[in-house]
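Trainee: I am attaching a structure below and will ask some questions about it afterwards.
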Amino acid sequence: MGKPTLSMEMPLNPQLVLRPFEKWGIDFVGTFDPPSFGKEYLLVCTDYVTKWAEVQALASANEDVVADFLYNWILLRFGAPRAI
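Counting the sequence shown from 1 gives a position; the working numbering is that position plus 1456.
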């Protein structure tokens, strides 16, 4: 085969190494018509590594309820994530 040439080498692709609960995805689902018990939205947070999901039904979709959910359900239970 001889010496490897530039065309024979595989490119190096960096991969992000994450530990569980370091990166979360967050999204709203809704509106639901008719609302169930006054709740029109679902706030869904999913961990990228373990696929663990946390869901809460909400009456409104604003920054206050998101901040409260992230603090009480993510930060206090799993620690501060590297990325959201």
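C-beta: ideal position from N, C-alpha, C; glycine also.
Please report the distance separating the alpha-carbon of Asp1483 from that of Leu1468.
Mentor: Sequence index remark: in the sequence shown, residue 1483 carries index 27 (1-based). Sequence index remark: in the sequence shown, residue 1468 carries index 12 (1-based). About 33 Å.
Trainee: Under 6 Å Cβ to Cβ from Tyr1497, same chain only, skipping five residues before and after it: list those, please.
Mentor: What you label residue 1497 is simply residue 41 of the sequence shown in a count that begins at 1. Only Phe1484, Gly1486, Leu1514, Ala1517 meet the Cβ criterion.
Trainee: Please name the residue in Trp1508, Glu1519, Val1522, Asp1524 whose C-alpha comes closest to that of Arg1475.
Mentor: For the purposes of this step, residue 1475 is identified with residue 19 of the sequence shown, where counting begins at 1. The residue with the shortest Cα to Cα distance from Arg1475 is Trp1508.
Trainee: Whose C-alpha, out of Leu1472, Phe1493, Glu1465, Trp1480, is nearest the C-alpha of Trp1529?
Mentor: Residue 1529 sits at position 73 when you count from the first residue of the sequence shown. If we check each option's Cα against that of Trp1529, Trp1480 comes out closest.
Trainee: Since Phe1477 and Phe1525 are thought to touch, with beta carbons under 8 Å apart, how far apart are those beta carbons, to the nearest angstrom?
Mentor: To locate residue 1477, count along the sequence shown from 1; it is residue 21. To locate residue 1525, count along the sequence shown from 1; it is residue 69. Not really, about 15 Å apart at Cβ, beyond 8 Å.
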